[in-house]
Amino acid sequence: MISKDSIIIGQYFPGFGFLYSVDPRAKIISFLFLMIIIFIFKNILSFIPIIILLLLFFISSKIPFKHVLKGLKPIIILLIITIFFHFFFTPGNIIFKFYFLKITYEGLIRGVFIGTRLIVLILISSLLTFTTSPLELTRGLEFLTLPLNKLHFPSSEIIMMITIALRFIPVLVEEADRIIVAQVSRGASFDEGNIIKRAKNLIPILIPLFISAFRRAEELAVAMEVRCFQPGKKRTYMRRLNWRRLDTIFTILIILIGLISYFIG
Amino acid sequence: MEFEGDKGRTIAIEVKNLSYTYSRGLPYEKEAIKNINLIVYEGEAVGILGHTGSGKSTLIQHLNGILLPQEGEVKIFGEKIINNKTFLKNLRKIVGIVFQFPEDELFAETVFEDVSFGPRNLGLNEDEIKKRVIESIKDVGLDESYLNRSPFSLSGGEKRRVAIACILSMSPKILVLDEPTSGLDPIGREEILSLIKKLKNEKKVTIIMISHSMEDIVQFADRIYILNNGKIVIEGKTEDIFKNKEILEKYDLSVPDLFLLGEELKKEGFVISEPFKDFDIAKREILRNLS
Amino acid sequence: MIELKNIYFSYFVPEKVDILKNINFNINKGEFISIIGKNGSGKSTLGRLIAFLLEPTKGEIYIDGKKIKNELDYLEIRKKIGMVFQNPDNQIVSQIVEEDIAFGLENLNYDEETIRKKVEEVLIEVDLLEERRFPPHFLSGGQRQKLAIAGVLVMEPEYIVLDEPTSLLDPKGRKDVIKLITRLNKNGITIILITHRMEEAMLGDRVIVLNNGEIALDGDPFEIFTNVEFLREIGLTVPPLTYLSYLLKNEGVPIEVKLWSLKEIKEELLQLKLKI
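Residue numbers (the numbering used here), protein chains in the order written: chain Z, 1 to 265; chain B, 1001 to 1291; chain Y, 2001 to 2276.
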């Protein structure tokens, strides 16, 4: 059945390499910048330096090609629909006609451009999640959003909720597995019947899971109170992130590449 | 392992050379059980002693086809378990498993609904279902008034009994119990153990109990297997296992004090005809020697 | 010292249910007290009251002479009295062992250096130093419970209440946790152990028996466990050899009902046989 090893959250791929050792905040800031700036690229040439950069990163991080493709799987349909949409419905010089379907030259260019942008977007975010563990990501987000606390935005609490949720994922996966095994042993099946029937069949799993989750939440809240947790109050941290010169150089470099790419186009 | 198979006794469960590895082929593969051989005869009560991590969950899930053997085979009443939907559905009529903390599976609005979940999945008609539900709720020592209550309003011990009724209502010929007394207080423990003994003696169900508690297993098992690190390390009659002090120490198992007392007294000249499996036997034997 | 005077605790919604009635006793510094009672006897509630996670409906609790709620800082109490619960998973907050231990000190705004130092000390104390960077789900049940204890221990409490800490563990886990608790008590921490396992209850200097929300017995384990009939009536059991002596006595055998060890009762029975 489901084993806790089979869930690779955010597709984090443990490994070594330059990108793994960069401060998560630097990665978040730089990659976010890239993702934003590619939306104002005007033509496809701008993508070339970005794609080269990504390739270099993927190779140096030794991430297997198969894994990269797995990251693209979810959006493959969206990609195809988007590209063909632009092929067929952009007005311009018709270069290919099949009954009522016509592909224009402009449409071709536009489709490839939009498609490339989508793919690069996914590749950048994949690179981030492949080389940064969920823990590092939440840590990075926590320190980045610390100033928001001054504006009375409960970012620390939100990050704490995310951290706890992540910590409980293996526990809940195991529990769900236990419950599924038990209900199957009582003759339940989950792959028969229409949509409505299948939804109903999930009740013997969802109810016990929800009840268990609520009970855990309550017990955990008490345990946290025992250890003097007070939401809203300032806390210190044992493990601070260390921002090194390397991280500054990295961030500036990526931002520069992004800007240069824009002007190339 | 050599078995003194009784000719003429029906074999309820036969496990041959069973092995299973999780995430096989991947860098983090984990071998849970290796080369397991065991036999359970119809009507027997067999105890499997194993700590967490010994592979017992993996073994249990092979008994009703949740997991299918990667190597070796499992036969229930002579029929090999195969990956066939209809076969597996029927299999779960015959082999009922009460998992650890079975009350975690309760989900329905009424006890009746929960206990009828199993038989309903088996496709029985409503009259038969009602009959079975009433019978099984009585078998676990609760009366019919419980049927209309919400399972979540019950105490821990009551919930556990309802959960056991959920499996009994499927009328399994073989009942597998995984740590049935886990988390219960002493009285709750005694109640569940006597319920299991009753099922064995009155209903003639073949029972397999997996536990890490020697005290529990001793009370009702005819034979014991000891599972350690995915392998069966010893098998034999309860009393014979306990005589082997080195093995017990090696696997960090404790012999119940009562049992030890019987052995010690025997060594010192008391006439002991039966090992001290429970208090009645101990009392009887000692009184005999003192009169 | 913790003093409980005339403590009552009840729920009022949906209807009035009395959980604890007329609780009076003291907990002395350095003691190892076991609180036993069947499920529903109120022992968990009593544990939470002692740890100041609940307020009594009636009555007062004093810690080191000072009455609670009026005079003491809430946070100060939390540091003095820690509590550990039954399910280790539901006490662990972080994805990394040493960071989970640090949680309490982070909440108290200790500086980074001090936190690191204290966490390391506690890791050694509970024997989880090698596993310090592990995620909790890589640990065994017993280790996870030790981690939960560590999270409380790092705040240097004077008293620790443990509510059935071993009931979800296997024998090895149980042994490790009990060993740790006993060692902590030897090092001066007052232990209040709530349990329904008789062999654990026997470890204490003192046993308090709860029945229906009231204190039924309070004394030395050796005395308590001779009340075989009463204990069984209120839903508890006694260690097997003690029960055997009780059964034999009922049949006329001149044997004392007490906390027998295997060796002792064997000798006694052999003596009795010789006399015949």
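Even glycine gets a Cβ: it sits at the ideal position worked out from N, Cα and C.
Residue range 2002-2011 is occupied by the beta strand (DSSP E) that includes Leu2004 (chain Y), with no alpha helix (DSSP H) assigned at that position.
Legend: CB atoms of the stretch 2143-2174 of chain Y lying less than 7 angstroms from CB atoms of chain B belong to residues Ser2167, Leu2168, Asp2170, Pro2171, Lys2172. A straight-line Cα-Cα distance of about 42 angstroms links Gly1053 (chain B) and Leu146 (chain Z). Under the three-state reduction of DSSP, Thr1052 (chain B) is assigned to coil, being neither helix nor strand. For the stretch 2200-2230 of chain Y, the full-length alpha helix (DSSP H) segments reaching 4 residues or more read 2221-2224 along the chain. Going by beta carbons, Leu241 (chain Z) and Arg25 (chain Z) fall inside the 9 angstroms limit. Here Asp2163 (chain Y) carries a strand assignment [DSSP, helix/strand/coil]. Interface with chain Y (9 angstroms Cβ-Cβ cutoff): Ile1241 (chain B) is excluded.
Considering only beta carbons, the part of the stretch 2022-2056 of chain Y lying closer than 9 angstroms to chain Z consists of Arg2048, Ala2051, Leu2053, in chain order.
Phe2032 (chain Y) and Val2177 (chain Y) have their C-alpha atoms roughly 15 angstroms apart. Residues of chain Z with a Cβ closer than 9 angstroms to the Cβ of Ser2140 (chain Y) do not exist, since the nearest Cβ in that chain sits about 14 angstroms away.
In this structure Phe2103 (chain Y) touches Arg227 (chain Z) by the C-beta definition: roughly 6 angstroms separates them, less than 8 angstroms.
For Ala176 (chain Z), no CB of chain Y lies under 9 angstroms from its own CB, so it is not counted at the interface with that chain. In this structure, the alpha-carbon of Leu2203 (chain Y) lies about 11 angstroms from that of Ile2035 (chain Y). Using a 10 angstroms sphere on the CB of Ser1145 (chain B), the tally of other CB atoms stays under 16, which defines it as exposed. Between Ser1169 (chain B) and Ile1129 (chain B), the gap from beta carbon to beta carbon is short of 9 angstroms.
The Cβ-Cβ distance between Glu142 (chain Z) and Gly232 (chain Z) does not fall below 9 angstroms.
Counting only runs that start and end inside the stretch 45-120 of chain Z, the beta strand (DSSP E) elements of at least 3 residues fall at 94-98, 101-104. At a cut-off of 9 angstroms between C-beta atoms, Tyr2011 (chain Y) does not count as an interface residue with respect to chain Z. As summarised for the stretch 1110-1158 of chain B, the continuous alpha helix (DSSP H) elements at least 4 residues long and confined to that stretch are 1111-1121, 1126-1139, given in chain order.
Rounded to the nearest angstrom, the gap between the Cα atoms of Phe1117 (chain B) and Gln2143 (chain Y) is 37 angstroms.
Listed along chain Y are Glu2251, each with a C-beta nearer than 7 angstroms to that of Leu1287 (chain B). For Ile36 (chain Z), the closest C-alpha among the options Z:Leu118, Z:Ile80, Z:Phe57 is that of Z:Leu118.
At a cut-off of 9 angstroms between beta-carbon atoms, Leu2075 (chain Y) makes contact with chain Z. The residue among B:Leu1261, B:Lys1080, B:Glu1073, B:Ser1136 with its C-alpha nearest the C-alpha of Lys1198 (chain B) is B:Ser1136. Per the coordinates, the alpha-carbon of Asn1289 (chain B) lies some 40 angstroms from the alpha-carbon of Leu1142 (chain B). For Arg139 (chain Z), the enclosing alpha helix (DSSP H) has its first and last residue at 134-144. Legend: CB atoms of the stretch 177-189 of chain Z lying less than 8 angstroms from CB atoms of chain B belong to residues Arg178, Ile179, Val181, Ala182, Gln183, Val184, Ser185, Arg186, Gly187, Ala188, Ser189. Per the coordinates, the alpha-carbon of Arg1009 (chain B) lies some 24 angstroms from the alpha-carbon of Phe1087 (chain B).
Below 8 angstroms, enough C-beta pairs join the stretch 2001-2009 of chain Y and the stretch 2017-2029 of chain Y to call them touching: three or more. Going by beta carbons, Leu2236 (chain Y) and Met2198 (chain Y) fall inside the 9 angstroms limit.
A residue is called buried once 16 or more other Cβ atoms fall within 10 Å of its Cβ, and Tyr99 (chain Z), having fewer, is exposed. Residues of chain B with a Cβ closer than 9 angstroms to the Cβ of Pro208 (chain Z) are, in chain order, Asp1104, Glu1105, Leu1106, Phe1107.
For Lys1283 (chain B), the residues of chain Y that pass the 8 angstroms Cβ criterion are Leu2244, Leu2247, Leu2248, Glu2251, in the order they occur in the chain. Cα atoms of Leu135 (chain Z) and Gln2095 (chain Y): separation of roughly 8 angstroms, rounded to the nearest angstrom. For Leu2049 (chain Y), the uninterrupted alpha helix (DSSP H) segment begins and ends at 2043-2050.
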